[in-house]
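Respectively, the protein sequence lines represent chains V, X, C, W, P and E. So the first sequence is numbered by our numbering: it starts at 1 and just counts up by one. So the second sequence is numbered by our numbering: it starts at 130 and just counts up by one. So the third sequence is numbered by our numbering: it starts at 259 and just counts up by one. So the fourth sequence is numbered by our numbering: it starts at 355 and just counts up by one. So the fifth sequence is numbered by our numbering: it starts at 451 and just counts up by one. So the sixth sequence is numbered by our numbering: it starts at 580 and just counts up by one. No residue lacks a Cβ here, since even glycine has one placed at the ideal position from N, Cα and C. Some notes on the structure that comes next.
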Amino acid sequence: MKFSIVIYAAPYSSESAASALRFAQSALAQGHELYRLFFFGDGVHNASKLSVVAQDESNLQQQWHELIQEHNLDSVICVSSAIKRGIVDQSEADRYDLGVASAYSTSEIAGLGQLIDAAMHSDRLVNFG
Amino acid sequence: MKFSIVIYAAPYSSESAASALRFAQSALAQGHELYRLFFFGDGVHNASKLSVVAQDESNLQQQWHELIQEHNLDSVICVSSAIKRGIVDQSEADRYDLGVASAYSTSEIAGLGQLIDAAMHSDRLVNFG
Amino acid sequence: MSSLHTISRSPDSSLLDTCLTVINDGDALLFIEDGAYHATSQDLLATICSSIQVYALREDILARALLMKIHDRVECVDFQRFVELSCEHDKVISWF
Amino acid sequence: MSSLHTISRSPDSSLLDTCLTVINDGDALLFIEDGAYHATSQDLLATICSSIQVYALREDILARALLMKIHDRVECVDFQRFVELSCEHDKVISWF
Amino acid sequence: MSDTVANNSSNKKRITFISRAAPYGRDKAALCLDMALACAVFEQQVNYVFLEDGVYQLLKGQDATAINSKTLGNALETLELYGIDNICVDQKSLQQRGLSEADILAGIQLIDRESISELIKASDTVFNL
Amino acid sequence: MSDTVANNSSNKKRITFISRAAPYGRDKAALCLDMALACAVFEQQVNYVFLEDGVYQLLKGQDATAINSKTLGNALETLELYGIDNICVDQKSLQQRGLSEADILAGIQLIDRESISELIKASDTVFNL
């Protein structure tokens with residue numbers, strides 16, 4: 001089946017982002033297709049590449065990044081949620097003179113149309129927030 | 130009176146960070162002292178200097194930065210909350226090879242001891258979350 | 259020592275109910291953010307002990323169009339008064 | 355079309371109550387995260403229509419030490435089964 | 451709504467938004483609205499339901515400039531402008547909050563829980579926040 | 580507790596933590612614990628109260644490795660280790676959740692709302708989350 005997953009929750013302050021990650025891993029492990037990940041609202045903080053985590057804790061942002069990279073997933077960060085929260089890619093960092101991107105380049109920053117497109121073209125859309 | 134303010138909430142996903150900012154502005158306007166601002170949990174996202182906001186919206190992170198600068202406030206970002214969320218200062222950015230700081234340099238990244246110290250030395254400690 | 263209690267979630271939460279079970283005579287209540295909706299709870303507010311002053315943050319009341327609906331016991335205050343109330347009481351307890 | 359409803363907050367929220375007022379016969383409930391505490395609500399679970407299957411995510415049950423307390427109607431499932439349940443129903447509705 | 455049935459055979463998806471949050475205190479109400487507006491471009495079959503605290507979004511006379519925010523009370527007009535015409539509000543949620551039809555914006559269909567239940571059943575995707 | 584009164588004349592502050600959140604689902608329980616532990620270094624007079632869903636933190640047999648998290652059930656022992664000995668749990672919150680003393684970790688004082696009310700009254704600062 002074709003899944004899409006929407007993540008509304010920031011990492012660490014709630015369990016939801018971790019649940020979403022495990023759901024995604026499990027769906028892929030069972031051979032399902034992940035049509036798209038969509039990070040929305042505080043969920044965009046999952047795409048930060050500036051995270052540093054103690055040895056005994058898990059780095060959620062890095063795990064998302066590795067999952068996206070390994071499975072070549074389509075991953076979208078909602079632009080209107082992201083830029084006001086300081087989650088920017090290189091082109092935005094350049095445009096607004098911020099110095100460097102804070103978002104992993106494995107995710108694309110784009111509009112809400114990508115979420116609706118996912119709702120239209122996935123068999124199941126699962127929300128975590 | 131000597132106030133300290135603790136901010137647990139991320140900007141934009143709830144009204145609490147904005148309430149805290151207005152409380153701080155109002156206390157200063159009335160001639161009170163702000164002993165310390167302490168950003169904790171998701172509240173550390175208020176210290177991001179990478180935020181970009183549309184013209185008709187207010188940039189909360191920048192407003193915190195300007196308030197801190199204007200009044201030369203003691204502002205602390207909790208280190209254990211911050212680094213796993215990708216809020217890092219220049220020395221951490223260097224240490225972990227992240228390229229650039231994401232936190233405004235007007236706030237200091239430090240431990241929870243600074244919060245307890247604030248509780249001990251302020252007449253009023255006000256929490257927003 | 260008296261406390262100013264701020265309530266920042268709507269009546270859908272149990273914040274106010276719990277607060278009222280531990281509040282002391284002479285304490286005060288201040289509804290902020292989505293807590294503003296409590297200011298319209300006619301039944302509940304009538305039961306609160308008269309030694310407890312009840313306030314709501316004007317900005318939050320106005321934003322939510324609640325001004326015409328608030329209970330007689332609720333006084334609207336601005337941020338300046340919020341700060342003053344914090345001084346008049348010995349501490350501020352935030353319910354969120 | 356049937357739905358899988360996930361509930362992710364504790365009974366202190368009104369999520370399950372509201373969900374139960376709009377749930378359809380043949381739908382299923384899955385308690386995840388702090389929703390796991392619902393799995394121990396003896397009274398409430400007994401009232402849920404028998405056409406509705408009730409599940410709880412094992413990981414969340416174990417973390418919270420609820421395994422010995424869960425109601426007979428609740429079946430513990432892992433993430434693999436969560437994904438399967440998402441396929442067996444026509445859509446997933448998340449309550450958070 | 452007479453073309454609804456005819457269109458079901460086409461590629462249109464039935465997408466239902468259940469908006470359960472009060473405005474301003476959290477960003478859920480705004481996120482839910484943004485998603486629905488994004489939907490309009492794709493000409494899907496959209497239902498928008500105000501449930502629980504979500505009914506507070508419909509109160510007449512809101513003015514969020516007081517808290518430097520965007521007024522959500524105009525949500526309905528925006529939705530209609532974007533061609534989303536199946537907008538309804540849960541009668542029981544209004545009652546429980548001591549609100550009547552006179553308190554809320556005009557032109558919204560009052561429905562009961564059973565009807566919401568049917569809307570959900572007939573939907574391909576449900577956003578619920 | 581016999582030195583409590585004597586110490587009140589000194590610089591010690593009476594700081595009360597009210598922990599009202601279930602463990603794991605949100606980070607509030609962990610944040611509250613971290614604050615209290617930071618307090619220990621300063622040798623303040625600390626009360627720790629488990630209220631509402633916070634009582635779930637005390638259930639015996641928790642194992643958060645299942646969700647890649649740190650087990651909070653050992654909270655009590657940690658608190659005691661750090662010299663915080665006035666730890667209590669609200670009787671009514673236990674009752675409302677169908678829990679008895681046998682379900683929770685040993686050595687915690689059961690108190691009623693009136694006692695919590697008195698603790699609050701006698702505190703200089705209250706953290707409540």
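Taking the alpha carbon of Gln190 (chain X) as the point to measure from, which residue in X:Ile136, X:Asp246 and X:Glu221 has its own alpha carbon closest?
X:Ile136
At which residues does the alpha helix (DSSP H) containing Cys373 (chain W) begin and terminate?
Leu369 to Val376
Does the Cβ of Met326 (chain C) have 16 or more other Cβ atoms within 10 Å, making it buried, or fewer, making it exposed?
exposed
Going straight from the alpha carbon of Glu108 (chain V) to that of Ser19 (chain V), what length do you get?
22 Å
Which chain P residues are close to Gly41 (chain V), counting only those with a beta carbon under 7 Å from its beta carbon?
Asp477 and Leu481
Residue ranges of each alpha helix (DSSP H) run of no fewer than 4 residues wholly in the stretch 55–119 of chain V, ordered along the chain?
You should have 60–70, 79–84 and 90–95.
Skipping 5 residues on each side, what residues in its chain have a beta carbon closer than 8 Å to that of Leu21 (chain V)?
Leu60, Gln63, Trp64 and Leu67
Below 8 Å, is the gap between the Cβ of Gln30 (chain V) and the nearest heavy atom of the ligand PLP?
What this structure holds is no ligand at all, so the ligand PLP is not there to describe.
So is Asp223 (chain X) buried or exposed if we call it buried at 16+ other beta carbons inside 10 Å?
exposed
Looking at C-alpha atoms only, which residue of P:Asp477, P:Phe492 and P:Asp540 is the closest neighbour of Ser565 (chain P)?
The residue with the shortest Cα to Cα distance from Ser565 (chain P) is P:Asp540.
Check for me: the alpha helix (DSSP H) holding Arg124 (chain V) runs from which residue to which?
Unbroken run through Arg124 (chain V) is the beta strand (DSSP E), Arg124 to Phe128; no alpha helix (DSSP H).
Between Thr279 (chain C) and Arg692 (chain E), what straight-line distance do the alpha-carbon atoms span, to the nearest angstrom?
Their backbone Cα atoms lie some 6 Å apart in a straight line.
Check whether the Cβ of Ser180 (chain X) lies closer than 9 Å to any Cβ atom in chain P.
no
Cβ of Phe39 (chain V) within 9 Å of Cβ of Ile83 (chain V)?
no
What number of angstroms, rounded off, separates the C-alpha of Leu369 (chain W) from the C-alpha of Gln154 (chain X)?
37 Å
Any C-beta of chain V within less than 7 Å: which residues of the stretch 418–443 of chain W qualify?
Phe433, Gln434, Phe436, Val437, Ser440 and Cys441
Is the CB-CB distance between Thr276 (chain C) and Glu656 (chain E) below 9 Å?
No, the pair does not count as a contact, with Cβ atoms beyond the cut-off.
Tell me the rounded alpha-carbon separation between Phe492 (chain P) and Lys510 (chain P).
For Phe492 (chain P) and Lys510 (chain P), the gap between their C-alpha atoms comes out near 30 Å.
In terms of residue numbering, what span does the alpha helix (DSSP H) encompassing Lys571 (chain P) cover?
Boundaries of the alpha helix (DSSP H) around Lys571 (chain P): Arg563 to Lys571.
Which residues in the same chain have their Cβ closer than 6 Å to the Cβ of Leu244 (chain X), if we skip the five residues on either side of it in sequence?
Phe167
Buried or exposed for Ser177 (chain X), please, with buried defined as at least 16 other CB atoms from any protein chain shown within 10 angstroms of its CB.
That one is buried.
With 9 Å as the threshold, decide whether the Cβ of Tyr12 (chain V) is near any Cβ in chain W.
no
Could you please give the first and the last residue of the uninterrupted beta strand (DSSP E) stretch that includes Lys2 (chain V)?
Lys2 (chain V) -> beta strand (DSSP E) spans Lys2 to Ile7.
For Glu70 (chain V), count the other beta carbons within 10 Å of its own beta carbon; 16 or more makes it buried, fewer makes it exposed. Which is it?
Its Cβ having fewer than 16 others within 10 Å, Glu70 (chain V) is exposed.
Within the 9 Å Cβ cut-off, does Ile534 (chain P) reach chain V?
Chain V, which has no Cβ nearer than 9 Å to the Cβ of Ile534 (chain P), makes this no.
Taking C-alpha atoms, which residue in C:Pro269, C:Ile281, C:Thr264 and C:Ser266 lies nearest to Ala701 (chain E)?
C:Ile281
Pick out whichever of P:Gln546, P:Lys478, P:Ile554 and P:Lys463 has its Cα sitting closest to the Cα of Gln512 (chain P).
P:Ile554
Below 8 Å on the Cβ atoms is my guess for Val341 (chain C) versus Ala183 (chain X); work out the distance and round it to an integer in Å.
That belief does not hold up - the Cβ atoms of Val341 (chain C) and Ala183 (chain X) are roughly 30 Å apart, past 8 Å.
Is the CB-CB distance between Ser210 (chain X) and Gly41 (chain V) below 9 Å?
No, these two residues do not count as a Cβ contact at 9 Å.
Measuring alpha carbon to alpha carbon, tell me which of W:Ile447, W:Thr401 and W:Arg435 ends up nearest Glu413 (chain W).
Residue W:Arg435 holds the alpha-carbon nearest to the alpha-carbon of Glu413 (chain W) among W:Ile447, W:Thr401 and W:Arg435.
Can you tell which of V:Ala118, V:Ala10, V:Val100 and V:Ile87 has the C-alpha that lies nearest to the C-alpha of Arg605 (chain E)?
Residue V:Ala10 is the option with its Cα nearest to Arg605 (chain E).
Within its chain, find whatever has a CB closer than 8 Å to the CB of Leu98 (chain V); leave out the 5 residues flanking it on each side and keep chain order.
Val88 and Glu92
Here's the rule I'm using: 16 or more other beta-carbon atoms within 10 Å means buried, otherwise exposed. How should Ser344 (chain C) be labelled?
buried
Relative to the alpha-carbon of Ser364 (chain W), which residue among E:Gln675, E:Asn647, E:Thr644 and E:Ser679 has its alpha-carbon at the smallest distance?
E:Gln675
Looking only at its own chain, which residues have a Cβ that is under 7 Å from the Cβ of Ile517 (chain P), when we skip the five neighbours before and after it?
Tyr474
If you draw a straight line from the alpha carbon of Ser598 (chain E) to that of Ala685 (chain E), how long is it in whole angstroms?
18 Å
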